[in-house]
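Notes for the one structure printed next.
Chains as they are written, first to last, in this note's numbering: chain G, 9 to 220; chain C, 13 to 22.
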């Protein structure tokens, strides 16, 4: 465990908590893509099946359980408790265009052709693109609430910190996982445009709105 | 081989 990995995990946790609190406090999930949140719940479910087969550390197990629980809670708030505030009309990204190719790819390119390994690979690939429905929704409405941009910032920061973590581990532990690294690079790139807007607008106190 | 799975990561 190095400092980049730890702050990456904490940044990921911060993103998840920010989103939950935003929905809970405002009693509204306006501007949030339920489809992205469903995809993240699917990502955590398929990745953390090893909770049943192997124990790594108390930290590892508790963080996995927290991520899974929070992602299901978020989906519950969006599709059940605050369903009336869910902006389904703007959440129109076709998720089958992500899930089907990612499913196919995880069968073709994986470390080992076994059920758990294929599901783990599926979750890695799916996570890299799961934010697309949310970004699509923002591009469609042309704006995002500031709290939503904080959520996206911490979510992108998490993956960027993981990239530094992998460089660190490559040099100091000889550790390298091509699947995770390529997916992580793709995922981080998807946030670059958003990072630019976040720094140039949101951090200067302006609302994130896109030119018409 | 040098490929190691990142199973200890989240």
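Quick reminder that beta carbons are idealized off the backbone N, C-alpha and C, glycines included. All values reported here derive from a predicted model rather than from experimental measurement.
query: Listed by chain order, chain C residues near residue 80 of chain G by CB distance under 7 angstroms; result: Within 7 angstroms Cβ-Cβ: nothing; residue 80 of chain G doesn't reach chain C, min ~16 angstroms.
query: Amino acids of chain C, ordered along the chain, whose beta-carbon sits closer than 8 angstroms to that of residue 75 of chain G; result: 22
query: Segments of 4+ residues assigned as alpha helix (DSSP H) that fall wholly inside the stretch 137-172 of chain G; result: 140-149
query: Residues near residue 141 of chain G by beta carbon distance below 6 angstroms, same chain, minus five either side; result: 41, 43, 44 and 101
query: Pairwise C-alpha distance: residue 120 of chain G and residue 33 of chain G; result: 44 angstroms
query: Residue-level contact to chain C via CB, residue 88 of chain G, 9 angstroms cutoff; result: no
query: Assigned exposure category for residue 152 of chain G - 16 Cβ within 10 Å defines buried; result: buried
query: Interface residues of chain C facing residue 17 of chain G [CB-CB closer than 7 angstroms]; result: 22
query: Proximity test, Cβ basis, 9 angstroms: residue 138 of chain G and chain C; result: no
query: Other residues of its chain near residue 19 of chain G: CB distance less than 7 angstroms, five sequence neighbours each side excluded; result: 162, 165, 166 and 169
query: For residue 217 of chain G, three-class secondary structure by DSSP; result: strand
query: Below-9 angstroms beta-carbon distance, residue 188 of chain G vs any chain C residue; result: yes
query: Residue 14 of chain C in three-state terms, based on DSSP; result: Residue placement at residue 14 of chain C is poorly supported in this model, since its pLDDT is 45, which falls under 50; the coordinates still yield a value, given next. In this structure, residue 14 of chain C counts as coil in the three-state DSSP scheme.
query: Under the three-state DSSP convention, the category residue 115 of chain G falls into; result: helix
query: 9 angstroms Cβ cutoff, residue 58 of chain G in contact with chain C; result: yes
query: Pair within 9 angstroms by beta-carbon distance, residue 63 of chain G and residue 69 of chain G; result: yes
query: Residue 200 of chain G, buried or exposed, once every other Cβ within 10 Å from all chains shown has been counted against 16; result: exposed
query: Residues that residue 68 of chain G contacts on chain C, provided the C-beta gap is smaller than 8 angstroms; result: 20 and 22
query: Given residue 77 of chain G as reference, the closest of G:109, G:133, G:89 and G:48 once Cα atoms are compared; result: G:48
query: Beta-carbon proximity list for residue 57 of chain G, same chain, < 7 angstroms, skipping 5 on both sides; result: 124 and 127
query: Ordered list of beta strand (DSSP E) runs contained in the stretch 179-208 of chain G, each at least 3 residues; result: none
query: Of the residues G:217, G:129 and G:16, the one placed nearest residue 71 of chain G, counting alpha carbons only; result: G:16
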